[in-house]
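*Asks:*
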Amino acid sequence: MTDTADVKTQTIETLSALPPEETERLSSEIVAALKTVFDPEIPADIYELGLIYKVDIKDDRSVDVLMTLTTPNCPAAGELPTMVENAIASVPGVGIVNVSIVWEPQWTPDRMSDEARLVLNMW
Numbered sequence: 094m095t096d097t098a099d100v101k102t103q104t105i106e107t108l109s110a111l112p113p114e115e116t117e118r119l120s121s122e123i124v125a126a127l128k129t130v131f132d133p134e135i136p137a138d139i140y141e142l143g144l145i146y147k148v149d150i151k152d153d154r155s156v157d158v159l160m161t162l163t164t165p166n167c168p169a170a171g172e173l174p175t176m177v178e179n180a181i182a183s184v185p186g187v188g189i190v191n192v193s194i195v196w197e198p199q200w201t202p203d204r205m206s207d208e209a210r211l212v213l214n215m216w
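Those letters in the sequence shown? Residues 94 to 216, by the numbering used here.
1) Which residue marks the beginning of the beta strand (DSSP E) containing residue 176, and which one marks its end?
2) Which class does residue 193 belong to by DSSP, given the choice of helix, strand or coil?
3) Terminal residues of the continuous beta strand (DSSP E) containing residue 157?
4) Mapping DSSP to helix, strand and coil, what is residue 123?
5) Below 8 angstroms, how does it come out for the segment 169-189 and the segment 202-216: are there three or more Cβ pairs, yes or no?
6) Strictly by DSSP, which residues pair up with residue 138?
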């Protein structure tokens with residue numbers, strides 16, 4: 094079983110053996126870690142850009158991440174997954190981190206938060 098944090102809506106299903114307060118702590122600290130990762134070409138973090146589609150926290154504390162990029166030809170494609178992996182791995186209590194790039198659904202600017210829109214002046 095896993096605890097799933099659907100990052101877009103930030104809902105958490107408590108399905109794992111981890112205590113709910115530990116799931117909440119890990120989820121909160123993972124989101125904070127993701128907010129430290131910036132696309133080198135865009136002055137907004139990848140979380141607020143809506144590039145993180147799903148975070149699964151498993152019973153063994155390993156974390157699976159589904160993310161996308163703004164385009165398949167993104168110059169940062171080689172480095173962003175490693176940056177995400179390292180950021181999440183720095184959270185105390187997190188085990189192995191697996192980051193997968195997905196292309197469905199395709200990323201569009203409507204996935205950006207209001208904070209990202211403000212930073213990028215995209216109203």
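All C-beta atoms in this analysis are idealised placements derived from N, C-alpha and C, irrespective of residue type, glycine included.
*Replies:* Result, derived from the coordinates:
1) By one-based count along the sequence shown, residue 176 stands at place 83. No beta strand (DSSP E) holds residue 176; the alpha helix (DSSP H) holding it covers 173-182.
2) By one-based count along the sequence shown, residue 193 stands at place 100. Three-state result, residue 193: strand.
3) The count along the sequence shown starts at 1 and reaches residue 157 at position 64. Its beta strand (DSSP E) spans residues 156-160.
4) Start at 1 with the first residue of the sequence shown, and residue 123 comes out as number 30. In the structure shown, residue 123 sits in a helix (DSSP, three-state: H, G or I).
5) no
6) Indexing the sequence shown from 1 puts residue 138 at position 45. According to DSSP, residue 138 bridges with 131.
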